[in-house]
Amino acid sequence: MWNGLVGVMKETYTASLAEGAVPRPVMMPLVRGELVGLIWVRPIKVGQDALAGIAELANIAAAAGTDEVVLAWETHDVATACELPIVGPAPCLNMVLATRIGHVLHQFPYGEQFLSRSPEGWASVAPDWRPALPPQPGGELVSPIQAAVNFSFTPTELVHPDPFGVTVVLMEEDGYSVRLTEAFAR
Numbered sequence: 003m004w005n006g007l008v009g010v011m012k013e014t015y016t017a018s019l020a021e022g023a024v025p026r027p028v029m030m031p032l033v034r035g036e037l038v039g040l041i042w043v044r045p046i047k048v049g050q051d052a053l054a055g056i057a058e059l060a061n062i063a064a065a066a067g068t069d070e071v072v073l074a075w076e077t078h079d080v081a082t083a084c085e086l087p088i089v090g091p092a093p094c095l096n097m098v099l100a101t102r103i104g105h106v107l108h109q110f111p112y113g114e115q116f117l118s119r120s121p122e123g124w125a126s127v128a129p130d131w132r133p134a135l136p137p138q139p140g141g142e143l144v145s146p147i148q149a150a151v152n153f154s155f156t157p158t159e160l161v162h163p164d165p166f167g168v169t170v171v172l173m174e175e176d177g178y179s180v181r182l183t184e185a186f187a188r
């Protein structure tokens, strides 16, 4: 499962960077080893809104009663959006695999090969994937990612017959892109 998720994220980064964009942070909750889906952060404003928007990715994981979560984000993009210092290599696809008892940070640095520039001035680049850094058990996570990890395992206090379903609807209404797998789609 892990290698598949890494492959999908690298493919997503390659396609998005070619279009002149960095993918937004994404969470992939798992329940008993089964992928619930992909939840992409909503459009965010720089500062506190970005911090909150990324941390709130945890809502669906918590509502699903997740056993583990995978989060993916780009170092420079999250640091800039959240007004935080850059920690670690940049540019870099970061992925964390977390459970209730701990996490492992995986980092996939890349160089950027310029492809073209759009009329609006956006640079289209191709990632030149460098060797992955060794996995880091308990590796340092930037604050909004750490918050999303922590909140993913906090039981939902929503009193509703279908807390998972209503959480999905509320997050979609807030602008999150939610793509559930067939097993969890309603």
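In our numbering, the protein residues as written are 3 to 188.
From the three backbone atoms N, C-alpha and C, an ideal C-beta is built for every residue, glycine too.
Just so we're clear, the structure is a prediction, and the values are computed from it rather than from any experiment.
For residue i, the residue or residues it bridges with in DSSP
i: S120; result: Beta-bridge pairing links S120 to no other residue.
i: G39; result: L182
i: G113; result: D130
i: T29; result: Contrary to the premise, residue 29 reads as Met rather than Thr in this sequence. Beta-bridge pairing links M29 to I41, L73.
i: P139; result: V106
i: A125; result: R119
Given residue i as reference, the closest of the options once Cα atoms are compared
i: E58; options: F116, N152, L19, L182; result: N152
i: E175; options: A17, V43, V89; result: V43
i: A185; options: L37, V127, V80, W131; result: L37
i: A125; options: M3, L143, S18, T158; result: S18
i: Y112; options: D164, T77, S145; result: T77
i: T68; options: V10, V33, N96, D79; result: V33
i: G104; options: A187, I56, G55, Q138; result: Q138
i: L3; options: A187, D51, E70; result: In the sequence as displayed, the identity of residue 3 is Met instead of Leu. The residue with the shortest Cα to Cα distance from M3 is E70.
i: I147; options: N96, R132, E13; result: N96
i: I1; options: T183, A149, P163, V161; result: With the chain running from 3 to 188 in the structure shown, residue 1 is simply not present.
i: Q50; options: W131, G141, E122, T82; result: T82
Beta-carbon spacing of residue i, residue j below 7 Å
i: L40; j: V48; result: no
i: G177; j: P31; result: no
i: V22; j: S179; result: The amino acid at residue 22 is misidentified as Val; the sequence shows Gly. No, the pair does not count as a contact, with Cβ atoms beyond the cut-off.
i: Y15; j: P93; result: no
i: L53; j: C84; result: yes
i: N61; j: T169; result: yes
i: A66; j: F166; result: yes
i: F110; j: A134; result: yes
i: L7; j: V72; result: yes
i: V24; j: D79; result: yes
Is there contact between the segment 105-117 and the segment 81-88, where contact requires at least three CB pairs shorter than 8 Å?
-> Segments in contact, no.
Within the segment 151-184, ranges of the beta strand (DSSP E) (whole runs, at least 3 residues) | Positions of the beta strand (DSSP E) runs, each at least 3 residues long and wholly inside the segment 151-184, are given as 179-182 in order along the chain.
Between the segment 140-155 and the segment 100-110, are three or more C-beta pairs nearer than 8 Å?
-> yes
Taking only runs that begin and end inside the segment 76-111, name each unbroken alpha helix (DSSP H) of 4 or more residues, in chain order.
-> 77-84
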